[in-house]
C-alpha cells in the first residue's frame with residue numbers, strides 16, 4: 034500500500050536523485066558500518082528526509098541528496114547501504130562496494146566519506162582500510178566522538194590521519210562548525226587528481242601476496258583504472274567473495290575464474306586465504322591503534338546499556354516486558370488514533386456538504402461525493418493508525434531495542450526455519466508489507482530473504498484493520514461491555530496472523546524453500562535516545578507517500594469500483610416506475626393524512642430498493658453474480674463477492690465498496706455506525722440475515738490470509754527478481770484463504786453456528 | 012582451550028581458533044574474531060539459544076550452537 038518510489042533501486046546509479054532537477058555533477062559516496070551514525074550525518078549534511086535507524090542495516094535504500102560544499106557548491110551525496118566491510122555477504126553490501134568503488138555501471142564517486150565510530154574504532158578501521166585501498170579521494174568522518182569521554186576513551190584524529198594518509202574529521206553531534214570542516218575537507222579531496230596510487234599499508238605474507246597479484250592481473254582496466262593498488266584491493270575483495278552467491282552475478286568471468294582457482298589451490302595447500310587476507314588488515318590496526326587511541330581511565334561502573342539489558346534480555350522478565358510493550362502499543366493504536374480519526378471524518382463531512390452546496394450536476398456530484406470523498410476518504414481515516422505503527426516501529430529500531438527483540442525471539446524464529454533477523458521485517462509487517470519486504474535485504478542468503486518475503490504479507494498490516502473494525506462492529510453492537518470483546522477479537526486476529534505466518538514459514542521452509550539454518554551474528558548497539566527530528570521527518574515522508582498513494586492508486590481503485598457499480602444505469606422504464614412509485618407515496622400521504630416522517634421513511638425505502646436494483650444490474654453486480662458460486666461455500670453472496678474482488682487491488686477498497694453497495698453515503702469506516710446498521714439489515718434471497726457471525730468470521734479469515742495487495746506483489750516481484758515468486762505468493766495465500774474460510778464457514782455450520 | 016560459550020562470565024580470554032565455515036566464518040573474521048584477540052563473555056541466559064560476547068569494544072550476539080566452533084584460551 035505504501036509503496037515507496039525511492040525504495041527499490043537495484044542499480045543505484047540510475048535512481049532518481051533527491052536533489053531533483055539539475056542535480057550536481059559531482060557525486061560523493063557516504064559509507065559506514067550499520068549503526069555508525071551514517072544516516073544521521075547524511076540528514077545533517079543534506080537536510081534530507083532519509084530514515085534513521087539503529088538496527089543493523091536499516092538503510093536498505095540508496096538515497097542521495099544535495100550537499101552544499103563550502104567554496105565548491107553543491108554535490109550529490111549518496112547514502113550507501115550500511116556495510117561491515119566491502120565484501121559481498123549480502124545484497125546491501127554488494128550495492129555498497131559497487132557504489133563506493135564506482136564499479137560500472139555505477140558511476141565513480143568524486144570522493145568518498147567513510148564513517149568510523151570513534152567508540153569502536155578498532156573494528157570500524159577495517160572498512161576504512163578497505164575503502165582507502167580503492168584509490169579514490171577520501172575523508173574519514175569520526176562519529177560518536179562526544180560519547181568518548183563518558184566511556185573513558187580518547188581518540189587522536191590527527192594521529193589517525195597521519196597513520197592513514199587521509200584527512201580525518203571528528204563530527205560531534207550538534208556541532209555545526211564540524212560539518213563545515215568536513216565539507217571543506219571533502220571539497221579539497223574532490224579537487225585532487227583521481228584515482229590515487231596510495232602506498233599499501235598492509236603487508237601480507239609473500240605467498241598471499243602472490244595470490245593477490247595473480248588475481249589482480251585479471252581485474253579489467255575499467256575497474257582498476259590502471260592503478261595497481263586498486264587492482265589489488267579488488268583482487269582481495271574477489272578472493273574473499275568467490276563463493277558468495279550475491280557476488281558471482283556481478284563479476285567478470287576472468288576475475289572470477291582466477292580468484293576461484295587461487296582459492297582452491299590455497300585450500301589444497303592447507304592454507305586459509307580468508308584468514309590471511311583479513312588478519313593482515315587487523316594486524317595493521319592492532320599494531321597502530323595505540324598511537325591514536327587509548328583508554329584514559331578504566332571503564333567504570335556498568336554502562337546504562339548493560340543495566341537495561343540485564344532486565345530486557347532476561348529470558349523470562351524480558352519476554353514478559355516485550356509482550357507487555359506490544360499490548361500497550363496495539364491498545365494505543367485505537368486509543369490515540371480515535372480522536373484524530375474523528376477530526377478527519379468531520380473534515381470529510383464538511384467537504385461533502387461543500388460539494389453538495391455547489392449545485393453541480395447530479396452525476397458529477399455523485400462522483401465527487403461517492404467515489405472521491407467516499408472512496409478515498411474511507412481510506413484516509415486510517416492515516417493516523419498507519420503513522421502510529423510506523424512511529425512505534427521506528428522508535429523500536431532507533432532506540433536499539435529491535436536487536437534485543439531479535440535476541441529474545443531467536444529460538445522461535447529458528448524453530449520455524451526463519452533467519453533470526455527476519456523478526457524485524459515481520460514486526461514491520463504490522464505496519465505495511467511493502468517496507469517490511471524491503472527490510473529483508475539485511476539477510477545474507479537469498480533463501481532466507483525469500484522465505485521471509487513469502488510470510489511477511491500474512492502479518493496483520495494496517496490495511497486489514499478497517500475490514501476487521503467493520504466486521505467486529507457488525508458482530509458486537511457498541512455497548513459498555515462489548516468493547517472488551519471487540520478488543521479481544523482484534524487481538525485474536527493479530528495473534529492468528531502471527532501463528533499462521535510462523536506455520537507458513539515452517540511448511541515453506543521444509544518444502545519449497547529447503548535450506549540449512551543460517552548462523553546468526555547480531556550486533557548489539559548501545560541504547561540510544563531516538564531523535565525527534567529524524568523521526569518527524571520519517572513520519573512526514575510516510576504521510577507524503579501515503580497521500581500520494583491515496584491520491585493515485587486508491588483513487589483509481591475507488592473510481593473504478595464506483596463506475597462499475599454505477600454503470601450501466603437503470604433502464605428508462607425502471608426509472609419511470611420508480612418515479613411513479615414515489616409520486617404514489619406522496620399522493621397516498623396527502624389523501625390519507627400521513628405525517629411528513631412517514632413520507633420520508635417510505636421514500637427512503639423506495640430509494641434503497643432502487644439502489645439495490647441498480648447495483649444488481651451494474652457491471653460489478655453482474656460480475657459478482659457470475660462469481661457467486663465461487664464464494665458461496667464461504668458464506669459470501671454476490672454483494673460481498675463484489676467487495677472481495679474490488680479489495681484485490683487494495684484491501685481498504687472493501688469498506689468503500691461495501692458502503693456503495695448498501696447505498697450509504699459518506700460512511701467513515703472507523704465510524705461504521707450507519708454502515709454497520711445497513712449491513713445488519715442485508716438479507717439473503719431466502720430472507721435470512723446475510724452478515725451472520727459466521728459470515729463475518731469467515732470474511733475476516735479470508736482477509737487475514739488472502740494476498741489482496743498489488744503493491745506487495747509488485748515489490749515481491751522486484752525484490753525476488755522475477756514474477757514467479759509473486760505469482761506463488763498470490764496463489765498460496767489466496768488458496769489458503771479460500772480453504773480456511775471454507776473450513777470456518779462449513780465447519781461452523783456443522784457445529785450448529787450461524 | 013575451551014569453546015567461547017563455556018567461558019565464565021566477564022573473565023578475560025583470548026581467541027584461539029575460529030572454526031565454522033563459509034560466509035559465517037568470513038563474517039566472524041571481518042568483525043575481528045581473529046586468534047589472539049581479547050574477548051569476554053557478557054551474557055549467557057539460562058533459557059534461550061544466544062550468547063553475547065564483547066571484543067574490540069563491540070557487543071555481538073550469536074547462537075550457542077554456532078559459538079562452539081570458536082575456541083578461546085582463558086587468561
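Protein chains in written order, with my numbering: chain A, 34 to 787; chain B, 12 to 86. From the three backbone atoms N, C-alpha and C, an ideal C-beta is built for every residue, glycine too.
1) In this structure, how does DSSP classify residue 96 of chain A when only helix, strand and coil are distinguished?
2) Could you work out which residues of chain A lie near residue 56 of chain B, taking near to mean beta carbons separated by less than 8 Å?
3) At a CB-CB cut-off below 7 Å, which residues of chain B make contact with residue 118 of chain A?
4) By the 8 Å beta-carbon criterion, what residues does the region 149 to 164 of chain A contribute toward chain B?
5) Just the C-alpha distance for residue 18 of chain B and residue 686 of chain A, rounded to the nearest angstrom, thanks.
6) Quick check on DSSP: helix, strand or coil for residue 14 of chain B?
7) Could you tell me the alpha carbon to alpha carbon distance between residue 661 of chain A and residue 644 of chain A, rounded to whole angstroms?
8) Going by beta carbon distance, what residues of the same chain come within less than 7 Å of residue 670 of chain A, once the five residues before and after it are set aside?
9) So is residue 60 of chain B in contact with chain A if we call contact Cβ pairs under 7 Å?
10) Have a look at the DSSP bridge pairing and note the partners of residue 327 of chain A.
11) For residue 654 of chain A, which option in A/638, A/786, A/594 has the closest C-alpha, if you only look at C-alpha atoms?
12) Just to confirm the assignment, what range does the alpha helix (DSSP H) spanning residue 341 of chain A have?
13) Measuring straight from C-alpha to C-alpha, what distance separates residue 312 of chain A and residue 45 of chain B?
14) What's the gap between the Cα of residue 394 of chain A and the Cα of residue 377 of chain A?
15) Quick one: is residue 77 of chain B near chain A, going by C-beta distance under 7 Å?
16) Identify the continuous beta strand (DSSP E) that holds residue 290 of chain A and give its terminal residues.
17) Any idea what DSSP makes of residue 481 of chain A, helix, strand or coil?
18) In chain B, what lies closer than 9 Å to residue 556 of chain A by C-beta?
19) Could you tell me whether the Cβ atoms of residue 681 of chain A and residue 642 of chain A are closer together than 7 Å?
20) Tell me which residues share the same chain as residue 758 of chain A and place their Cβ nearer than 8 Å to its Cβ, disregarding the 5 neighbours each side in the sequence.
21) Closer than 7 Å, Cβ to Cβ, to anything on chain B: give me those residues from the region 309 to 320 of chain A, in chain order.
22) Work out the CA separation of residue 493 of chain A and residue 116 of chain A for me, nearest whole Å.
23) Using a C-beta to C-beta distance shorter than 9 Å, which residues of chain B count as neighbours of residue 444 of chain A?
24) If the cut is a Cβ gap below 9 Å, which residues of chain B does residue 452 of chain A touch?
25) Would residue 124 of chain A and residue 561 of chain A qualify as a contact pair, given that the criterion is a beta-carbon distance under 7 Å?
26) Within 7 Å (strictly less), CB to CB, does residue 53 of chain A reach chain B?
27) Can you give me the C-alpha to C-alpha distance between residue 534 of chain A and residue 230 of chain A, rounded to a whole angstrom?
28) Mind listing which residues of the region 27 to 38 of chain B have their C-beta closer than 9 Å to chain A's C-betas, in chain order?
29) Could you name each continuous alpha helix (DSSP H) segment of 4 residues or more that falls completely within the region 636 to 701 of chain A, going from the start of the chain to the end?
30) List, in chain order, every chain A residue whose beta-carbon is nearer than 8 Å to that of residue 45 of chain B.
31) Note down, in chain order, each residue of its chain lying with its Cβ closer than 6 Å to the Cβ of residue 767 of chain A, except the 5 sequence neighbours on either side.
32) Could you check whether the Cβ of residue 553 of chain A sits closer than 7 Å to any Cβ belonging to chain B?
33) Within 10 angstroms of the Cβ of residue 24 of chain B, are there 16 or more other Cβ atoms? Answer buried if so, exposed if not.
34) Thinking just about the alpha-carbon of each residue, which of A/544, A/422, A/564, A/429 is nearest to the one in residue 462 of chain A?
35) Mind pulling the chain B residues with CB within less than 7 Å of residue 440 of chain A?
36) Any C-beta of chain B within less than 7 Å: which residues of the region 468 to 500 of chain A qualify?
Taking the geometry as given:
1) strand
2) 346, 347, 348
3) 41
4) 152, 153, 154, 155, 156, 159
5) 58 Å
6) strand
7) 20 Å
8) 661, 717, 723
9) yes
10) A/187
11) A/594
12) 337 to 345
13) 7 Å
14) 26 Å
15) yes
16) No beta strand (DSSP E) holds residue 290 of chain A; the alpha helix (DSSP H) holding it covers 286 to 301.
17) helix
18) 42, 69, 70, 71, 72
19) no
20) 483, 486, 487, 749, 750
21) 311, 312, 315
22) 31 Å
23) 58, 59, 60, 61
24) Near residue 452 of chain A there are no residues of chain B at all, since even the closest Cβ is about 12 Å away, more than 9 Å.
25) no
26) Model confidence at residue 53 of chain A stands at a pLDDT of 40, short of 50, so the residue's coordinates are unreliable; what they give is reported in the following sentence. For residue 53 of chain A, the answer is no, since every Cβ of chain B falls outside 7 Å of its Cβ.
27) 52 Å
28) 29, 31, 33, 34, 35, 36, 37, 38
29) 652 to 664, 671 to 679, 686 to 694
30) 308, 311, 312, 315
31) 739, 740
32) yes
33) buried
34) A/422
35) 61, 72
36) 477
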